[in-house]
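K.L.:
Per my numbering, the sequence shown runs over residues 1 to 506. Yeah, the Cβ is synthetic: ideal placement off N, Cα and C, and Gly gets one too. Keep in mind the model is a prediction, meaning the values are calculated, not measured.
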Amino acid sequence: MKTTQKIFLLCSASFALVFYQNCDSQMKANSEYWANSSLGGIQQNLFQCQPNQDPSATSALKLSKLEYTRTINALLANLSLTDQNNIKTFLAPHLLSIPDDNGVKFDTDDTLISSSHVAAYFSVARQMGIEIAKNNTRLQAFFGSCASTTSLSDSCMDGFLSQRATHILRRPLTTTEVTNFRNQVKGFGSAQIQAQWLLTRLLMHPNFLYHLELEGVPEKTDLLKISAYELASRISFHLLKQTPDQELLDKAADGSLLEMNTMIAEIDRLTATYPQLVSDSMDRFFEGWLSYKNIAHPITASTAEEVAFAEGASVSRESLINELKNLTRHYTLDTDGSFDDLFLSPYSFASDDDLATLYGVEKWSGQKDQLISFPAGERSGLMTRAAFLVSGNTHTNPIIRGLMLRREFLCDDIPPPPTEIANMVRDPKPDPNASTRERFHNQTNSSACMGCHTMINPLGFAMESYDGFARFRTSEKIYDSAGQLVNTLPIDPVVQPLFTPEDTRT
Numbered sequence: 001m002k003t004t005q006k007i008f009l010l011c012s013a014s015f016a017l018v019f020y021q022n023c024d025s026q027m028k029a030n031s032e033y034w035a036n037s038s039l040g041g042i043q044q045n046l047f048q049c050q051p052n053q054d055p056s057a058t059s060a061l062k063l064s065k066l067e068y069t070r071t072i073n074a075l076l077a078n079l080s081l082t083d084q085n086n087i088k089t090f091l092a093p094h095l096l097s098i099p100d101d102n103g104v105k106f107d108t109d110d111t112l113i114s115s116s117h118v119a120a121y122f123s124v125a126r127q128m129g130i131e132i133a134k135n136n137t138r139l140q141a142f143f144g145s146c147a148s149t150t151s152l153s154d155s156c157m158d159g160f161l162s163q164r165a166t167h168i169l170r171r172p173l174t175t176t177e178v179t180n181f182r183n184q185v186k187g188f189g190s191a192q193i194q195a196q197w198l199l200t201r202l203l204m205h206p207n208f209l210y211h212l213e214l215e216g217v218p219e220k221t222d223l224l225k226i227s228a229y230e231l232a233s234r235i236s237f238h239l240l241k242q243t244p245d246q247e248l249l250d251k252a253a254d255g256s257l258l259e260m261n262t263m264i265a266e267i268d269r270l271t272a273t274y275p276q277l278v279s280d281s282m283d284r285f286f287e288g289w290l291s292y293k294n295i296a297h298p299i300t301a302s303t304a305e306e307v308a309f310a311e312g313a314s315v316s317r318e319s320l321i322n323e324l325k326n327l328t329r330h331y332t333l334d335t336d337g338s339f340d341d342l343f344l345s346p347y348s349f350a351s352d353d354d355l356a357t358l359y360g361v362e363k364w365s366g367q368k369d370q371l372i373s374f375p376a377g378e379r380s381g382l383m384t385r386a387a388f389l390v391s392g393n394t395h396t397n398p399i400i401r402g403l404m405l406r407r408e409f410l411c412d413d414i415p416p417p418p419t420e421i422a423n424m425v426r427d428p429k430p431d432p433n434a435s436t437r438e439r440f441h442n443q444t445n446s447s448a449c450m451g452c453h454t455m456i457n458p459l460g461f462a463m464e465s466y467d468g469f470a471r472f473r474t475s476e477k478i479y480d481s482a483g484q485l486v487n488t489l490p491i492d493p494v495v496q497p498l499f500t501p502e503d504t505r506t
């Protein structure tokens, strides 16, 4: 399978259901996979759609700030490079005024629309209309050769609405819409004002501002097989974070995009034509999925205890994130990688000296055929990367590690504990005669806690082979506040992780 096809299949839950809207709310973990399969096995049905469940209604997704900005810029592509740059300069402060996204994991999850959004959208739309209508050169590049600042004929208007407007709304206008726009624009005197009004109106249209999927063929009540144009938008916004280009819209227009071979060919074409946009989009996907924002800041040793614990080591948060970017780019874009490869990779992708030293390996050069293996028996895969293990402290926190695995990767819904219980299970007091595992077990080993901590603690304890700096260890060194080594205790990482309640494997 080509790498670009794997990008498509690996990176987007929505694309696993690419022809159907709302099915994602039916996706459930296949428990038989976890109970009966080894992690190294190739599984085709990790998730299953539950077709009999009612697809719940969800808020319409607006274009993210990045998608909106890139789409506005893409609409200027027919203009000269000088005009594009000049218009982008005028639009820049208006685009900047759009509120930043507030997606919990992905910017594209943000459904909030405020008055600030509306004001910013209108400001961008109006300013773009003014800039396009400034002279004949820009008007003709945007509206067609029939346009000028003194004349915008009916035929010219119809040509624009039937062709160029499709690029703006990402679907053809209906006959009624064309008629309405034509009649409304006649109420404005000069061609310049007509062009300004029409462009502003189109850029404020719901089909421009939102990801709408309403035009498909009904499969059953409230379930649509999305249209070719909607599929074009899904593909382009997923891979490029911008509106479909003309070639992709042409494939939607003739219906061929709904054929799997054509769809895959278009994914390959977009990947080859816009490699930097695809790479950036993949980085953003993994940044959301792997929650880069939650990666801890490693300590900068200052206290006596921290200096003793560090033993001369240091590592930057930037180095931790760089390795994740290198890892995900390698298996997603640079090689014919798979989901298993990403999770089980035995190679270090540390391209910074500090992280390579922490791992005890050479720095990776970035060459895909010169991979650096981890020391035998120390670590492998995604979960033992330093980014997921650094605690920002001199000690580990198994609860935080376990919660990360349960919530972010096993997709379990573990609610925050009541305040009184949360106060009970905060970091247990230091005890030079007890390991971290023992202290956290004792702190949470009550009936009030174990309902959740039976699921959380084992996954955190299994990662105790890595200290607060993410260094591999077989014993835990305990220092006092003066930096004196007061005890060395053996590490016990053996657990029953209970991926499902019935799974008692060790």
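(1) Quick one: which unbroken alpha helix (DSSP H) runs of 4-plus residues sit fully inside the segment 137-177? Chain order, please.
(2) Are LEU240 and VAL278 close, meaning C-beta to C-beta below 8 angstroms?
(3) I'd like to know whether the C-beta atoms of GLY468 and VAL361 end up nearer to each other than 8 angstroms.
(4) Taking the continuous beta strand (DSSP E) assigned at PRO490, which residues delimit it?
(5) Let me confirm a value: LEU39 is counted as buried when at least 16 other C-beta atoms fall within 10 Å, else exposed. Which label applies?
(6) I need the DSSP call for PRO398, collapsed to helix, strand or coil.
(7) Spell out the partners DSSP gives ILE478 in its beta bridges.
(8) Could you spell out where the alpha helix (DSSP H) holding PRO218 opens and where it closes?
(9) Under 6 angstroms Cβ to Cβ from ASN207, same chain only, skipping five residues before and after it: list those, please.
(10) Look at the Cβ atom of ASN457, then the Cβ atom of THR436, and state whether they are nearer than 8 angstroms.
(11) Taking the alpha helix (DSSP H) that LEU249 falls in, what are its first and last residues?
(12) For THR4, collect the residues of the same chain with a Cβ closer than 6 angstroms to its Cβ; drop the 5 residues on either side in sequence, then sort them by chain order.
(13) Check TYR347 in the structure and name its three-state DSSP category.
(14) Can you name, in chain order, every residue of its own chain whose Cβ lies under 7 angstroms from the Cβ of ARG406, other than the five neighbours on each side?
(15) Looking only at C-alpha atoms, which of ASN442, GLN127 and LEU320 sits nearest to LEU203?
(16) GLY337 by DSSP, collapsed to three states: which one?
(17) Assuming contact is defined by CB atoms lying nearer than 8 angstroms, are LEU76 and GLN84 in contact in what I supplied?
(18) Which residues in the same chain have their Cβ closer than 6 angstroms to the Cβ of THR504, if we skip the five residues on either side of it in sequence?
(19) Counting along the chain, where does the beta strand (DSSP E) carrying LYS105 start and finish?
(20) Looking only at its chain, what residues have a beta carbon closer than 6 angstroms to the beta carbon of PHE143, apart from the 5 residues adjacent to it on each side?
(21) Grab the span of the beta strand (DSSP E) containing LYS225 for me, first residue to last.
(22) Determine the DSSP secondary structure at ALA195, reduced to helix, strand or coil.
(23) If you count every other CB in all the chains shown that lies within 10 Å of the CB of GLU502, and 16 or more means buried, which is it?
(24) State the Cα-Cα distance for the pair TYR347 and ALA462, rounded to the nearest angstrom.
(25) From the DSSP output, which residues share a beta bridge with SER435?
(26) Tell me, please, whether the segment 311-323 touches the segment 287-302 by the rule of three or more beta-carbon pairs shorter than 8 angstroms.
(27) Just to confirm before moving on: does the CB-CB distance between HIS211 and SER233 stay below 8 angstroms?
(28) Do LEU382 and LEU410 have their C-beta atoms within less than 8 angstroms of each other?
(29) Are the beta-carbon atoms belonging to THR384 and TYR466 less than 8 angstroms from one another?
P.N.:
So, from the listed chains and residues:
(1) Taken in chain order, the unbroken stretches of alpha helix (DSSP H) that lie wholly in the segment 137-177 and span 4 residues or more are 154-159 and 165-169.
(2) Translated into positions along the sequence shown, residue 240 becomes position 240. Translated into positions along the sequence shown, residue 278 becomes position 278. The answer is yes: Cβ separation under 8 angstroms.
(3) The residue labelled residue 468 in the question sits at position 468 within the sequence shown. The residue labelled residue 361 in the question sits at position 361 within the sequence shown. In this structure, VAL361 does not lie closer than 8 angstroms to GLY468 by Cβ.
(4) As a working note, residue 490 is residue 490 in the sequence shown. Under the DSSP assignment, PRO490 falls in the beta strand (DSSP E) whose first and last residues are 485-490.
(5) Here the question's residue 39 lines up with position 39 in the sequence shown. Model confidence at LEU39 stands at a pLDDT of 34, short of 50, so the residue's coordinates are unreliable and nothing is read from them.
(6) Indexing the sequence shown from 1 puts residue 398 at position 398. In the structure shown, PRO398 sits in a helix (DSSP, three-state: H, G or I).
(7) Here the question's residue 478 lines up with position 478 in the sequence shown. Beta-bridge pairing by DSSP links ILE478 to ASN487.
(8) Locating residue 218 in the sequence shown gives position 218, where the first residue counts as 1. First-last for PRO218: 217-220, but that is the beta strand (DSSP E), not the alpha helix (DSSP H).
(9) Your numbering for residue 207 matches position 207 in the sequence shown. These residues qualify, in order along the chain: LEU169.
(10) Looking up residue 457 in the sequence shown gives position 457. Looking up residue 436 in the sequence shown gives position 436. Contact: no.
(11) Mapped onto the sequence shown, residue 249 falls at position 249. Counting along the chain, the alpha helix (DSSP H) containing LEU249 begins and ends at 246-253.
(12) In the sequence shown, counting from the first residue as 1, residue 4 sits at position 4. Because the pLDDT at THR4 is just 44, under 50, the model does not fix this residue reliably, and the value given afterwards should be weighed accordingly. Non-local beta-carbon contacts of THR4 in its own chain, meaning distances under 6 angstroms to residues more than five positions away in sequence, involve ILE267, ASP268 and THR271 in chain order.
(13) One-based indexing of the sequence shown puts residue 347 at position 347. In the structure shown, the three-state DSSP call for TYR347 is strand.
(14) The sequence position of residue 406 within the sequence shown is 406, counting from 1. Once the five neighbours on either side are set aside, the close Cβ partners of ARG406 are ASP412, ILE414, MET455, ILE456 and LEU459.
(15) Position 203 of the sequence shown holds residue 203. Of the candidates ASN442, GLN127 and LEU320, the one whose C-alpha sits nearest the C-alpha of LEU203 is GLN127.
(16) On the sequence shown, residue 337 is found 337 positions in, with the first residue counted as 1. GLY337: coil per DSSP, three-state reduction.
(17) Mapped onto the sequence shown, residue 76 falls at position 76. Mapped onto the sequence shown, residue 84 falls at position 84. At the C-beta level, LEU76 and GLN84 come within 8 angstroms of one another.
(18) Taking the first residue of the sequence shown as position 1, residue 504 is located at position 504. Close CB contacts of THR504 within its chain, under the 6 angstroms cut and outside five residues either way in sequence, are with GLN496 (chain order).
(19) Within the sequence shown, numbered from 1, the residue matching residue 105 stands at position 105. Counting along the chain, LYS105 falls outside any beta strand (DSSP E), and DSSP gives it neither H nor E.
(20) As a working mapping, residue 143 is identified with position 143 in the sequence shown. Listed in chain order, the non-local C-beta contacts of PHE143 below 6 angstroms within the same chain comprise PHE160, local neighbours out to five positions each way being set aside.
(21) As a working mapping, residue 225 is identified with position 225 in the sequence shown. Here the beta strand (DSSP E) through LYS225 covers 223-225.
(22) On the sequence shown, position 195 is the one that residue 195 refers to. Here ALA195 sits in helix by DSSP.
(23) For the purposes of this step, residue 502 is identified with residue 502 of the sequence shown, where counting begins at 1. Burial call: exposed.
(24) In the sequence shown, counting from the first residue as 1, residue 347 sits at position 347. In the sequence shown, counting from the first residue as 1, residue 462 sits at position 462. Take the alpha-carbon of TYR347 and the one of ALA462: they are about 20 angstroms apart.
(25) Along the sequence shown, read from residue 1 onward, the residue named residue 435 stands at position 435. DSSP lists no partner for SER435.
(26) Yes, since at least three Cβ pairs between the segment 311-323 and the segment 287-302 fall closer than 8 angstroms, the two stretches touch.
(27) The residue labelled residue 211 in the question sits at position 211 within the sequence shown. The residue labelled residue 233 in the question sits at position 233 within the sequence shown. Inclusion of HIS211 and SER233 in the CB contact set at 8 angstroms is warranted, their separation being smaller than that value.
(28) Taking the sequence shown and counting its residues from 1, the one referred to as residue 382 is at position 382. Taking the sequence shown and counting its residues from 1, the one referred to as residue 410 is at position 410. Not closer than 8 angstroms, so no.
(29) As a working mapping, residue 384 is identified with position 384 in the sequence shown. As a working mapping, residue 466 is identified with position 466 in the sequence shown. Yes, the pair counts as a contact, with Cβ atoms nearer than the cut-off.
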